[in-house]
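Following: one structure in structure tokens, then a few remarks.
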Amino acid sequence: MVELFRLWTFIMVAHLFVHTAEITTTNVVTLNENKRTDVKVADVQCTDGTNMVLTGTISPTSFCTFCFVVEPTDVGTGAYKVNFYPSVADLTFSQVPEYDITLTCTDLANSSNVATEVLEIRITPNSAPIFADGLTHQEAISGTKDKVAGDTLFRVSASDPNSDEIFYTLTRTDPASDNFQIGLTDGMVSAVNDLNTQCTQEIDLYITITDGNIEVGPQVIDVTLQDSNEVPVIDTTDDRISLAEDTVLDTSIVTIAFTDDTAGAALTFTTVPVAAEDLFTLDVDELKLASALDYEDTSLRRPLVLFTVEDGGCTSSTFTYTVSVTNVNEAPVIGPEDNVLDVYEGDIQLDPEWTTTDPDFGDDLTYSITASTPTAANFDIDPRSGIISSIVEYDVDQGAMTATVTLTIEVGGH
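In structure tokens form, the structure reads like this:
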């Protein structure tokens, strides 16, 4: 009897030291569909075993079989975690609204010593981000023309019901401008360039937001640009002049009047065609003639002078001024001016081979004898060809006619 009692006592003591495996974890986890970042879903602790190992099976297995992974944190203490990897598969509420992961802790020293727990992963439908101020909003920027590149102007406020990261995009402006930008993730609107180049009093910014899945917008922000740089204005109204081609150099053609709110605004000009630019010079605000006009140069007969005013940030509208060159009947030039020719007496026919030029292209040239020494009219000239011929049989032997005759020839054009 004594021996049996001792055996029973030993068995009871041994039974008291056999521990049942336990598993501790979160029972329910929610994940937003289309989650785009790696995330730890749950911590799992296996206890009361000699060498506890955690395994997991997922249901259903469609769409996301391998996107949830059981990984050890500290095997020695039975610490594990369940991670979600979006690169493996997307979570889509319409396909699978809930995944169940059956977690099993097994004691390697006693395979019958196990514990299980079901981890519910509930998928929540993705909701669109929301503009705090709706799809229309107003902002005002003070001291606009003093803002420099990089200055923060204001912030576009938005939120996401699923706490997703929000991305901001400036899609366009009206009127078009490259002076504004928005931070991709912070919604801060800032200046790209110095805003003295923004030459309007108002501008509309079109902003869209997205959580990576749903795009919202645009939100139209009506921005009032207080104290913005004003565009210079040319006040001159007369827009044309006629100049004779013999107009003297340095003649004043036109004085351009303009107004601007910025000191130091400068008047500049270009011409059409470009070659006409050499015809003019600008003395502050006065256009003057710099080189001779030529009606016969048809390409420069009606040049356009294009004026603009710039103040370092804004440029005026172009003011077009037309210069019409008028024709002047210019005298032809006969050459050579002095010509000595030897001829035999008798019936004289002489071609001096005049080198006559006329600035007026197309004029008819006519030759005439305006003076003769001696004065006796013994010679004539063909008005078209310029050939000189004697009217009589020229004879110097009897002394009746001189051996030398001086003729003054004139050429005219019309």
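Take the sequence shown: its letters are residues -23 to -1, 1 to 391, numbered as in mature numbering (1 follows the signal peptide of the UniProt record, and there is no 0). Where is the CB? At the ideal position from N, CA and C, for every residue including glycine. What you are looking at is a predicted structure, and each value in this text was computed from that prediction instead of being measured.
DSSP state of residue i mapped onto helix, strand, coil
i	result
residue 172	helix
residue 333	coil
residue 130	strand
residue 369	coil
residue 73	coil
residue 282	strand
residue 276	helix
residue 208	coil
residue 199	strand
residue 323	strand
residue 96	strand
residue 387	strand
residue -1	strand
residue 151	strand
residue 291	coil
residue 306	coil
Test: residue i CB closer than 9 Å to a CB of chain C
i	result
residue 253	No chain C appears in the structure shown, which is made up of a single protein chain.
Proximity below 9 Å, CB of residue i to CB of residue j
i	j	result
residue 73	residue 59	no
residue 242	residue 286	yes
residue 244	residue 301	no
residue 184	residue 161	no
residue 211	residue 296	yes
residue 107	residue 136	yes
residue 193	residue 182	no
residue 233	residue 284	yes
residue 347	residue 309	no
residue 12	residue 70	no
residue 281	residue 258	no
residue 202	residue 177	yes
residue 368	residue 328	no
residue 144	residue 186	yes
residue 255	residue 222	no
residue 343	residue 389	yes
Residue i to residue j span [Cα, whole Å]
i	j	result
residue 153	residue 171	16 Å
residue 140	residue 101	12 Å
residue 138	residue 188	10 Å
residue 78	residue 20	13 Å
residue 132	residue 9	27 Å
residue 49	residue 83	14 Å
residue 25	residue 4	20 Å
residue 225	residue 174	41 Å
residue 246	residue 276	19 Å
residue 387	residue 332	13 Å
residue 121	residue 260	33 Å
residue 33	residue 76	12 Å
residue 31	residue 90	12 Å
residue 196	residue 111	7 Å
residue 213	residue 292	16 Å
residue 326	residue 355	12 Å
residue 393	residue 352	Lying before the first or after the last residue shown, residue 393 is absent from the chain, which here runs from -23 to 391.
residue 105	residue 191	6 Å
residue 322	residue 316	18 Å
residue 80	residue 64	23 Å
residue 98	residue 56	20 Å
residue 167	residue 158	6 Å
residue 248	residue 206	27 Å
residue 228	residue 383	43 Å
residue 28	residue 16	27 Å
residue 7	residue 37	16 Å
residue 123	residue 204	9 Å
residue 95	residue 2	9 Å
residue 125	residue 288	16 Å
residue 155	residue 238	23 Å
Cβ-based burial, residue i [other Cβ within 10 Å; buried from 16]
i	result
residue 372	exposed
residue 318	exposed
residue 250	exposed
residue 269	exposed
residue -3	buried
residue 18	buried
residue 209	buried
residue 290	buried
residue 312	exposed
*At 3 residues or longer, and completely inside the stretch 103 to 148: list those beta strand (DSSP E) runs for me, N to C.*
Whole beta strand (DSSP E) segments, 3+ residues: 113 to 118, 129 to 132.
_Please give the ranges of any beta strand (DSSP E) in the stretch 5 to 62, keeping only runs that are unbroken, at least 3 residues long and fully inside the region._
The stretch 5 to 62 contains these whole beta strand (DSSP E) runs: 5 to 9, 16 to 24, 29 to 36, 45 to 51, 56 to 61.
*If you scan the stretch 216 to 266 from start to end, which runs of the alpha helix (DSSP H) of 4 or more residues do you find wholly inside it?*
Annotation note: the stretch 216 to 266 contains no uninterrupted alpha helix (DSSP H) run of length 4 or greater.
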